[in-house]
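I have placed the structure first, in the form of structure tokens, so that the comments after it can refer back to it.
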């Protein structure tokens with residue numbers, strides 16, 4: 001303390017000479033900087049060698065190339081701040097890490113900053129990703145395109161007017177280019193035949209939208225990923241040419257057909273099933289098999305398709321909920337079976353069910369019933385056909401979806417066969433769908449005489465047999481509110497969206513009702 005007081009007294013006694021005062025100030029600033037550096041050495045990270053610290057910086061910088069919705073996303077400016085803006089040591093290490101400077105935000109960084117990053121990154125391969133709809137993005141990308149031999153990934157979104165500004169930059173060779181994504185959103189453009197001087201030896205991923213290329217383009221070589229959408233009709237390749245291209249790509253792993261609404265395979269069942277067995281589908285595919293004859297040959301071959309049955313269960317017409325999120329019940333594969341001839345013959349349907357893994361299906365969606373009749377009859381289960389046998393196969397179904405007005409009565413009648421046949425001993429009738437615990441009604445009126453009484457019979461029937469219904473959902477259903485207490489007293493949870501009219505029906509006379517999710521006893 002005494003030394004500090006003495007030093008302070010010395011400073012206060014200095015002559016009022018600018019040169020002397022500025023010299024003392026500079027000395028003190030250097031001393032403070034030295035003390036800060038010494039204090040920073042208390043942190044454990046200060047003990048890391050510069051090489052390891054550089055790798056940590058690169059891990060942080062990688063988060064600037066993830067989706068902006070990612071919780072760990074950092075902008076390129078934030079990466080520079082949290083690496084070079086901490087202390088002198090970190091700044092020194094960051095300035096010497098050329099790969100760190102290659103993380104550039106071409107859409108938002110200033111032109112001067114992009115120039116500085118390109119200079120400090122030296123010969124490091126570049127990832128050029130930007131939307132050229134921003135004038136700053138176009139100017140920055142043009143700076144990067146001046147050194148095409150460094151670009152490893154070129155990912156641009158643009159319009160035809162932008163393409164005229166940078167087309168000539170695409171003519172030099174691109175020896176380092178591995179990924180090329182060009183998205184012309186408002187119209188279409190024609191890529192020059194001599195693009196990249198026909199020298200892209202490392203190109204592996206090609207994604208073109210709204211861009212036309214020649215049939216013999218060198219871009220269609222040695223690819224592992226190929227996606228081509230929005231090609232102008234006058235530039236589209238014939239089907240046989242695409243087959244030749246695919247045949248010449250032995251390394252191809254992914255063929256993206258994001259705009260393809262239908263994949264049609266014509267041929268005998270054996271050939272089609274063999275081909276489907278070599279195709280990888282997304283987690284929720286819709287496979288439609290159309291057969292225009294009275295017989296379905298080789299149906300057993302469907303069992304060999306790996307896309308059709310998985311441990312998490314399978315659905316008919318599974319779909320996402322209103323928020324767009326895939327619910328747990330719809331996380332498996334979707335298997336839609338359709339036939340060109342109507343009405344569908346019941347024996348043929350039984351043959352199809354024999355070939356399907358019905359024991360794995362967990363949800364039956366009745367919006368597009370398997371057994372569909374032309375108008376005026378819309379019943380899911382026709383009275384003249386014995387559906388009890390087929391339904392006994394669905395031992396894992398826990399949810400019936402979209403029980404609608406037209407077929408609600410038929411569904412309830414079928415699920416309680418003992419009530420339809422009073423002379424039959426109820427205890428001798430096996431329970432259909434033993435795992436069933438949820439019924440979802442849509443566009444149903446609960447004041448119809450056959451609905452609520454049959455529903456109450458069903459609840460009692462399954463409870464007495466140890467297979468109770470636990471949840472009843474109602475969406476766009478009428479007269480639900482007056483039946484809630486009765487259903488709750490039967491021991492079920494009632495979920496109602498509060499809509500007192502059918503979907504799409506206009507009726508301004510009813511006031512809005514608060515949605516309800518109630519359990520028995522929650523009054």
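Residue numbers (the UniProt record's numbering): 1 to 523. Think of the CB as a built atom: it goes at the ideal place given N, C-alpha and C, for glycine as much as any other residue.
Can you name the start and end residues of the beta strand (DSSP E) that residue i belongs to?
i, result
"residue 240", "That residue, residue 240, is in no beta strand (DSSP E); its alpha helix (DSSP H) goes 239-247."
"residue 401", "399-404"
"residue 225", "225-229"
"residue 23", "Per DSSP, residue 23 belongs to no beta strand (DSSP E); it is in the alpha helix (DSSP H), 18-40."
"residue 364", "361-365"
"residue 208", "205-209"
"residue 438", "438-442"
"residue 473", "471-475"
"residue 129", "126-131"
"residue 66", "Counting along the chain, residue 66 falls outside any beta strand (DSSP E), and DSSP gives it neither H nor E."
"residue 183", "179-184"
Shortest alpha-carbon distance to residue i belongs to which of the options?
i, options, result
"residue 395", "68, 359 and 17", "359"
"residue 208", "179, 252 and 199", "179"
"residue 351", "390, 364, 498 and 95", "390"
"residue 77", "498, 443, 60 and 93", "60"
"residue 132", "125, 142, 24 and 20", "142"
"residue 230", "188, 196, 447 and 140", "188"
"residue 247", "169, 222, 386 and 91", "222"
"residue 98", "27, 89, 113 and 124", "124"
"residue 220", "469, 255 and 151", "255"
"residue 385", "487, 349 and 456", "349"
"residue 361", "436, 402, 69 and 411", "436"
"residue 172", "158, 347 and 198", "198"
"residue 176", "194, 168, 147 and 159", "147"
"residue 214", "224, 186 and 245", "245"
Using the rule of at least 16 other Cβ atoms within 10 Å of the residue's Cβ for burial, across every protein chain shown, is residue i buried or exposed?
i, result
"residue 300", "Low confidence applies to residue 300: its pLDDT is 46, below 50, so where it sits in the model is not reliable, and the reading given next is rough at best. Label assigned to residue 300: exposed."
"residue 450", "exposed"
"residue 398", "buried"
"residue 311", "Caution is warranted here: a pLDDT of 28 is assigned to residue 311, below 50, making its placement in the model unreliable, and the coordinate value is therefore given only provisionally. Answer is exposed; the Cβ neighbour count stays below 16."
"residue 41", "exposed"
"residue 162", "buried"
"residue 73", "exposed"
"residue 200", "buried"
"residue 530", "Residue 530 falls outside the range modelled here, since the chain spans only 1 to 523, and no answer is possible."
"residue 32", "exposed"
"residue 81", "exposed"
"residue 122", "exposed"
"residue 85", "exposed"
"residue 102", "buried"
"residue 79", "buried"
"residue 49", "exposed"
"residue 210", "buried"
"residue 478", "buried"
"residue 92", "exposed"
"residue 137", "buried"
"residue 151", "buried"
"residue 184", "buried"
"residue 45", "exposed"
"residue 20", "exposed"
"residue 402", "buried"
"residue 408", "buried"
When you compare the CB positions of residue i and residue j, do they come within less than 7 Å of one another, or not?
i, j, result
"residue 182", "residue 156", "yes"
"residue 87", "residue 104", "no"
"residue 127", "residue 144", "no"
"residue 454", "residue 404", "no"
"residue 364", "residue 400", "yes"
"residue 471", "residue 493", "yes"
"residue 490", "residue 459", "yes"
"residue 212", "residue 196", "no"
"residue 387", "residue 353", "no"
"residue 206", "residue 226", "yes"
"residue 446", "residue 483", "yes"
How is the alpha helix (DSSP H) around residue i delimited, first residue to last?
i, result
"residue 147", "Run containing residue 147: none; DSSP gives neither H nor E here."
"residue 485", "484-489"
"residue 82", "76-84"
"residue 409", "408-415"
"residue 454", "451-464"
"residue 151", "Run containing residue 151: none in the alpha helix (DSSP H); it sits in the beta strand (DSSP E), 151-158."
"residue 114", "111-120"
"residue 496", "Run containing residue 496: none in the alpha helix (DSSP H); it sits in the beta strand (DSSP E), 493-496."
"residue 58", "50-62"
"residue 391", "388-391"
"residue 95", "88-95"
Would the C-beta of residue i count as close to the ligand SAH, meaning under 6 Å from any of its heavy atoms?
i, result
"residue 52", "With respect to the ligand SAH, the structure shown offers nothing to examine, as it has no ligands at all."
Review point. How about the stretch 51-65 and the stretch 6-17: do they share at least three Cβ pairs that are nearer than 8 Å?
Key: no
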